[in-house]
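Participant: Quick one: this structure, given as structure tokens, is what I'll be asking you about.
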Amino acid sequence: MAQSMSEPGPLVSVVIPTFNRLQYLKEAVASVFAQTYAHWELIVVDDGSTDDTLSYVSMLDDPRVRLVCETHSGNPARMRNIGVAQARGEYVAFLDSDDLWEPDKLGVQLEYLRANSGCRWCYTQFTLMDEAGKEIPMRAGGPWRPYSGFILRELVTNKAAITIISVVAERSLFDEIGVFDEDNGIVLREDYDLLLRMAARAKTVAVPQVLCRARDHAGRSTSQRDDLYDCSAKVFLKFGRLTTDPEIRRLCHRRGACHLVAAADRRIVTRSGNGAFRRLIQALRYYPLYGRWWIVLAKFLLFPVLRRWRFG
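Using the numbering used here, the letters of the sequence shown correspond one by one to residues 2 to 313.
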């Protein structure tokens, strides 16, 4: 249902961080302008783009749009935090510059939040698309399922699949839990770190409807990193230290150890084992009964022999 400007409802601050993605940025911004819920402000935080991003955003003829220009840092958490600090809305929503929203996203989510008293944030189902915008299969995981209420356990165990571009949250929630962690050691996993803190603090409501689309393409940030297992491990082990729930701590330790073992395995395959043993020892501390640990250890021990056999 279209939102009347005479009765605007709560202001939603939309934060888009961007860097040299003008082609996709135009589509992302268009999907915000296409929202049936019109009472929003758009904060585009530019991370030092060298293309025509600044000219494009500056020429948008709409008082709801603001452009924040920053020196390039390559840290999306910092860009999002700058956007949150600028936000004037009761709610904050996030959209990456290469992704898209469906036209009724904000309107539907606000209706769900209004109908579910006590829920302070909301997320939706999502799909993947290719460079041209065609839907493609999800890379991993089972069927998407909606989990509402306090969903920390479901989030830690990966049952609840949430992308940051599907989230709408009360602005005040960030004052309580903090914003995105700008630690370069968790770059591109800072969104999951934030979601864990949100899930621990407040109830959520899930919308079982595809309202956003994430674009998978060669220039996607996650496709250009080879340390995502390490980043994920750091997020889980960090939250394990923060939580006071012993069961959640145990689960975080297990998830962190699994990612450390995966990081070790990747290094054995791609970097001749450099740093692999250190990660295996660290993983053993948190999850000594993990079966894959022994497989990767055997691979680590055999790798020099296999390498000599292959190239000797």
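All residues carry an ideal CB built from backbone N, CA and C; glycine is no exception.
1. Hey, how far is the Cα of R214 from the Cα of L129?
2. In terms of residue numbering, what span does the beta strand (DSSP E) encompassing L43 cover?
3. Is A207 near Y148, with beta carbons less than 8 Å apart?
4. Reducing DSSP to helix, strand and coil, say where R65 ends up.
5. For the alpha helix (DSSP H) containing P77, list its first residue and its last residue.
6. Hey, which unbroken runs of the beta strand (DSSP E) at 3 residues or more fall wholly within the segment 112-155?
7. Excluding the 5 residues preceding and the 5 following Y113 in the sequence, name in chain order all residues of the same chain whose CB lies nearer than 6 Å to its CB.
8. Would you list the residues sitting across from R267 in a DSSP beta bridge?
9. DSSP three-state call for S98: helix, strand or coil?
10. Could you please give the first and the last residue of the uninterrupted beta strand (DSSP E) stretch that includes R216?
11. I need the DSSP call for P11, collapsed to helix, strand or coil.
12. Going by the CB atoms, is the gap between I152 and D192 shorter than 8 Å?
13. Pick helix, strand or coil for A170, following the three-state DSSP scheme.
14. What do you reckon, are the CB atoms on L212 and E103 nearer than 8 Å?
15. Quick check on the DSSP output: the alpha helix (DSSP H) that includes K239 runs from which residue to which?
16. Taking the CB atoms as reference points, tell me whether L107 and V45 lie closer together than 8 Å.
17. Please classify A219 as buried or exposed, where buried requires at least 16 other C-beta atoms within 10 Å of its C-beta.
18. Quick check on Q110: buried or exposed, where buried means 16 or more other Cβ atoms within 10 Å of its Cβ?
19. Measuring only the C-alpha atoms, how far is R81 from R279?
20. Below 8 Å between beta carbons: does that hold for D62 and T19?
21. For A162, report the span of its alpha helix (DSSP H) as first-last.
22. Report buried or exposed for D266, applying the criterion of at least 16 other Cβ atoms within 10 angstroms of its Cβ.
23. Quick one: using the 10 Å Cβ neighbour count with 16 as the cut-off for buried, is W295 buried or exposed?
24. Terminal residues of the continuous alpha helix (DSSP H) containing T54?
25. With a threshold of 16 other CB atoms inside 10 Å of the CB of E42, please say whether the residue is buried or exposed.
26. Give me the Cα-Cα distance between I17 and T271, rounded to the nearest whole angstrom.
27. Would DSSP call P18 helix, strand or coil?
28. Please tell me whether Y193 has its Cβ less than 8 Å away from any Cβ of chain B.
29. My guess is that F301 and L285 are in contact by the Cβ rule of under 8 Å, so how many angstroms apart are they, rounded?
30. Given that a residue counts as buried once 16 or more other Cβ atoms are within 10 Å of its Cβ, and exposed if not, what is A299?
31. Are the segment 174-185 and the segment 50-68 touching, with three or more C-beta to C-beta distances below 8 Å?
Facilitator: Result, derived from the coordinates:
1. 6 Å
2. 41-47
3. yes
4. coil
5. 77-87
6. 120-130
7. C123, V206, V208
8. None; R267 has no bridge partner.
9. coil
10. 204-216
11. coil
12. no
13. strand
14. yes
15. 229-243
16. no
17. exposed
18. buried
19. 33 Å
20. no
21. Looking at the DSSP string, A162 is not in any alpha helix (DSSP H), and its letter there is neither H nor E.
22. buried
23. exposed
24. 54-59
25. buried
26. 34 Å
27. strand
28. In the displayed structure, chain B is absent; only one protein chain is listed.
29. Not a contact, Cβ separation roughly 13 Å.
30. exposed
31. no
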